[in-house]
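**Student:** Below is a structure I'd like to ask you about.
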Amino acid sequence: MSVISQSDFQRKRARRKWMGRAFYGLCLLSVAIALGMLAVLLVYLFIQGITGISWSFLTSFASRHPDQAGIKAAILGSIYVVMVAGVTSFVLGVATALYLEEYAARSKFARIAKINIANLAGVPSIVYGILGLQIFVHSMHLGKSVLAGGFTLGLLVLPIVIVASGEAVRAVPPSLREAAYGLGATRWQVIWHMVIPQAFPGILTGVILAVSRAIGETAPLIAMGALTFVPFTPDSPLSRFTVLPIQIFNWTSRPQEGFQEAAAAGIIVLLVILLVMNAGAVILRNKFQNKSGG
Amino acid sequence: MLDQDPILQTRGLSVYYDTKKVVTDVNLDVARNRITSIIGPSGCGKSTLLRCFNRMNDLIPSARVEGQVMFDGLDLYGHDVDPTEIRYLIGMVFQRPNPFPKSIYDNVAFGPRINGFKGDMDELVERSLVRAAIWDEVKDRLNTSALALSGGQQQRLCIARALAVEPRVILMDEPCSALDPIATLAIEELMRELSEDYSIIIVTHNMQQAARVSHYTAFLMVEEARVGFMVEFGESRQIFTNPEDERTEAYITGRFG
């Protein structure tokens, strides 16, 4: 006698098949909703904003008149601030991840630190703005500058870089470390020659995510005191600045029709910059992956 | 026991993971320019014992070693001994071939580079690959990835990589367990050749292999009360044909393990 009777098996099989199909349908529906919303958003933005994009829009400064308003200062401001944020979070994030995973791994301190870093990612971004205002703007006398804004965003996205880098470092096969140690490598040599090159694609992915987040942040920079009306390009790390999301936010809050169009156009510019940066980073990452893999 | 002055000697060697004892009071002499195999059932502490000889257990935070391991009169666990310095004198080949994701050349050159080798690297790489009996297969593609090699070739490359830092002892942790019989034969052949210049310790699950290649054999066992103790040590010929201990006989005739 078999463990399951024939009729039982038939009945359960039909049910199992149905469950399988239902789950598949649910997954498909989720994809459709996610992509559908994105498509609607993009199409809507495109229709509303594409007419606003012109050479003069890209190369003019902000203006009271919607038809003369441009986005030059915000584009440059965003690029500079995000570069500072990217470098800051990369350096601090990778070093922190290496400390927590390689040097202090399994210590109680590292465990507590990791839990708290994960929590940090949930702190409202405006809190970082207040922190930045106090530390960078006031205590360090950087003023409401590109540097202060970049450091603030760098701190904001630091948890993302730490978590992603930590995972990348943990994913380096123990067999490679052992092989290197077995040849007489010191801990530093193992980290430098094995761990970092192997983890680099993963670290880069974390930095891409972090920078993508940073380029869209508005609240902390407003709290920190970034300008909303900037008729000049930031010419030094200490000059004042605005960024794309602030400019867009500013335009959307104006009553005039023309500014709404400018806002949509600004969002398109923001998305394009984001795409270009991400694509660049992905190409870079693939290059490293190929190098280490083959 | 040995007819010569041993290159490695353990005295009262015990290893703990946290409070769990995994190697118990092992006194083992390792002969110079001979192959010594360590056999025993799973979980008997063979690999842990092997890793005491190049202090690889130091990498496991919970591991603690008691007793002595003497390497030509030097206590490897002495206070002033830097584990990184003994690891290139006592090289290691692992269970699964683990070449670096680099070119064949860079795999072999890695050890000498990190240890500050200043001489003719091309010559050293070639010599190491020749010594590991893989030169003819790879000499035309030294700059291609080591990961493209077959498992057996990868393992011989790993041996070449270990040889490049000119060790005096080579530890092998089940070096053939991931390889097919033909690749296994090639590695065994190579071990025999290498034993003319190097002292080799091999951990193996394969008793035929231990009988075929090794001059001396240590049999480790695990019992309920004791883990990782040495039951018998002697010339392989004697261990495999005429063991003194009945537990050794039971194991080699396949009655357990």
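Those protein sequence lines, which keep their order, are chains B and F.
Sequential numbering from 1 applies to the first sequence in the numbering used here.
Sequential numbering from 295 applies to the second sequence in the numbering used here.
Positions of the beta carbon are idealized from the N, C-alpha and C atoms, including for glycine.
Predicted model only: the values in this text are computed from it and were never measured.
1) Taking Cβ to Cβ, would you say B/Phe229 is nearer than 8 Å to B/Ala74?
2) Using C-beta distances below 7 Å, list every residue in its chain close to B/Gln68, excluding the 5 sequence neighbours before and after it, in chain order.
3) If we define contact as Cβ-Cβ less than 8 Å, is F/Leu302 a contact residue for chain B?
4) Keeping to the same chain, check which residues put their C-beta closer than 6 Å to that of F/Leu383; ignore five residues upstream and five downstream.
5) Residues of the region 190-208 of chain B with a CB closer than 8 Å to any CB of chain F: list them in chain order, please.
6) Against chain B, does F/Val309 count as a neighbour if the rule is that its beta carbon must be under 8 Å from one of theirs?
7) Looking at F/Val324 and F/Thr318, is the spacing between their C-beta atoms short of 8 Å?
8) Assuming F/Ile428 contacts F/Arg450 (C-beta within less than 8 Å), just tell me the rounded distance between them.
9) Classify B/Glu261: buried if its beta carbon has 16 or more other beta carbons within 10 angstroms, exposed otherwise.
10) Excluding the 5 residues flanking B/Phe57 on each side, which residues of the same chain have their C-beta closer than 7 Å to its C-beta?
11) Quick one, are the C-beta atoms of F/Ile380 and F/Asn348 less than 8 Å apart?
12) Roughly how many angstroms lie between the CA atoms of B/Pro237 and B/Gly132, to the nearest whole one?
13) With 16 as the cutoff for other CB atoms within 10 Å, does B/Glu217 come out buried or exposed?
14) Terminal residues of the continuous beta strand (DSSP E) containing B/Ala32?
15) Which class does F/Lys315 belong to by DSSP, given the choice of helix, strand or coil?
16) Where do the ends of the alpha helix (DSSP H) carrying F/Met501 lie?
17) Can you tell which of B/Leu270, B/Phe23 and B/Val195 has its C-alpha closest to the C-alpha of B/Glu101?
18) At least one CB of chain B closer than 8 Å to the CB of F/Lys314: is that the case?
19) Classify F/Met386: buried if its beta carbon has 16 or more other beta carbons within 10 angstroms, exposed otherwise.
20) F/Met386 touches chain B at which residues, Cβ-Cβ below 7 Å?
21) Note down, in chain order, every chain B residue with its Cβ under 7 Å from the Cβ of F/Leu353.
22) Does the Cβ of B/Leu156 have 16 or more other Cβ atoms within 10 Å, making it buried, or fewer, making it exposed?
23) Quick one: measure Cβ to Cβ for F/Glu431 and F/Gln448, integer angstroms, because I've assumed they're closer than 8 Å.
24) Any heavy atom of the ligand NAP closer than 7 Å to the beta-carbon of F/Phe523?
25) Just to confirm, is the Cβ distance from F/Asn401 to F/Ala440 under 8 Å?
26) State yes or no: is the beta carbon of B/Thr186 nearer than 8 Å to at least one beta carbon in chain F?
27) Report the three-state DSSP secondary structure of F/Glu526 (helix, strand or coil).
28) What are the partner residues of F/Thr511, as DSSP defines its beta bridges?
29) May I have a chain-ordered list of the alpha helix (DSSP H) segments no shorter than 4 residues that lie completely inside the region 56-106 of chain B?
**Tutor:** Looking at the coordinates:
1) Stepping through the first sequence from its first residue, residue 229 of chain B is reached at position 229. Stepping through the first sequence from its first residue, residue 74 of chain B is reached at position 74. Contact check for B/Phe229 against B/Ala74 fails: the beta carbons are separated by 8 Å or more.
2) In the first sequence, the residue the question calls residue 68 of chain B occupies position 68. The residues are Ser60.
3) Working through the second sequence from its first residue, we reach residue 302 of chain F at position 8. It does not: the Cβ of F/Leu302 has no partner Cβ on chain B nearer than 8 Å.
4) Within the second sequence, numbered from 1, the residue matching residue 383 of chain F stands at position 89. Scanning its chain for C-beta atoms nearer than 6 Å, with the 5 sequence neighbours on each side dropped, one finds around F/Leu383 the residues Pro461 and Arg462, in chain order.
5) Residues of the region 190-208 of chain B with a Cβ closer than 8 Å to any Cβ of chain F, in chain order: His193, Met194 and Gln198.
6) As a working note, residue 309 of chain F is residue 15 in the second sequence. Not one chain B Cβ lies under 8 Å of F/Val309.
7) Counted from its first residue, the second sequence places residue 318 of chain F at position 24. Counted from its first residue, the second sequence places residue 324 of chain F at position 30. Note that the C-beta distance between F/Thr318 and F/Val324 is not below 8 Å.
8) As a first step, residue 428 of chain F is located in the second sequence; it is residue number 134 there, counting from the start. As a first step, residue 450 of chain F is located in the second sequence; it is residue number 156 there, counting from the start. Approximately 4 Å separates the beta-carbon atoms of F/Ile428 and F/Arg450; this is inside 8 Å, confirming the contact.
9) Working through the first sequence from its first residue, we reach residue 261 of chain B at position 261. By the neighbour-count rule (16 or more Cβ atoms within 10 Å), B/Glu261 is buried.
10) Taking the first sequence and counting its residues from 1, the one referred to as residue 57 of chain B is at position 57. Taken in chain order, the residues that qualify are Gly70, Ile71 and Ala265.
11) Taking the first residue of the second sequence as position 1, residue 380 of chain F is located at position 86. Taking the first residue of the second sequence as position 1, residue 348 of chain F is located at position 54. By the CB criterion at 8 Å, F/Ile380 and F/Asn348 fall inside the cutoff.
12) Walking along the first sequence from the start, residue 237 of chain B turns up at place 237. Walking along the first sequence from the start, residue 132 of chain B turns up at place 132. The alpha-carbon of B/Pro237 is positioned some 16 Å away from that of B/Gly132.
13) The sequence position of residue 217 of chain B within the first sequence is 217, counting from 1. Here B/Glu217 is buried, its C-beta having at least 16 other C-beta atoms within 10 Å.
14) Within the first sequence, the letter at position 32 stands for residue 32 of chain B. Careful: B/Ala32 lies outside any beta strand (DSSP E), inside the alpha helix (DSSP H) at Gln6 to Gly49.
15) Translated into the one-based positions of the second sequence, residue 315 of chain F becomes position 21. It is a strand residue.
16) Residue mapping note: residue 501 of chain F aligns to position 207 of the second sequence, counting from 1. Counting along the chain, the alpha helix (DSSP H) containing F/Met501 begins and ends at Met501 to Val507.
17) Translated into the one-based positions of the first sequence, residue 101 of chain B becomes position 101. Put simply, of B/Leu270, B/Phe23 and B/Val195 the residue whose alpha carbon is nearest the alpha carbon of B/Glu101 is B/Val195.
18) Residue 314 of chain F sits at position 20 when you count from the first residue of the second sequence. No - not a single Cβ of chain B is within 8 Å of the one on F/Lys314.
19) Your numbering for residue 386 of chain F matches position 92 in the second sequence. The residue is buried, with at least 16 neighbouring Cβ atoms inside 10 Å.
20) Position 92 of the second sequence holds residue 386 of chain F. The contacting residues are Gly182.
21) As a working mapping, residue 353 of chain F is identified with position 59 in the second sequence. Simply Tyr181.
22) As a position in the first sequence, residue 156 of chain B is number 156, starting the count at 1. When all chains shown are included, B/Leu156 counts as buried.
23) Indexing the second sequence from 1 puts residue 431 of chain F at position 137. Indexing the second sequence from 1 puts residue 448 of chain F at position 154. About 11 Å separates the CB atoms of F/Glu431 and F/Gln448; that is not less than 8 Å, and the two are not in contact.
24) As for the ligand NAP, it is missing from this structure, which has no ligand bound.
25) Sequence index remark: in the second sequence, residue 401 of chain F carries index 107 (1-based). Sequence index remark: in the second sequence, residue 440 of chain F carries index 146 (1-based). In contact: F/Asn401 and F/Ala440 (Cβ atoms closer than 8 Å).
26) Counted from its first residue, the first sequence places residue 186 of chain B at position 186. Yes, because at least one Cβ of chain F sits closer than 8 Å to the Cβ of B/Thr186.
27) Within the second sequence, residue 526 of chain F is the residue found at index 232, counting from 1. Correct three-state label for F/Glu526: strand.
28) Within the second sequence, the letter at position 217 stands for residue 511 of chain F. Answer is F/Ser331 and F/Gly528, bridged to F/Thr511.
29) With a minimum length of 4 residues, the continuous alpha helix (DSSP H) runs that stay inside the region 56-106 of chain B are 72-98.
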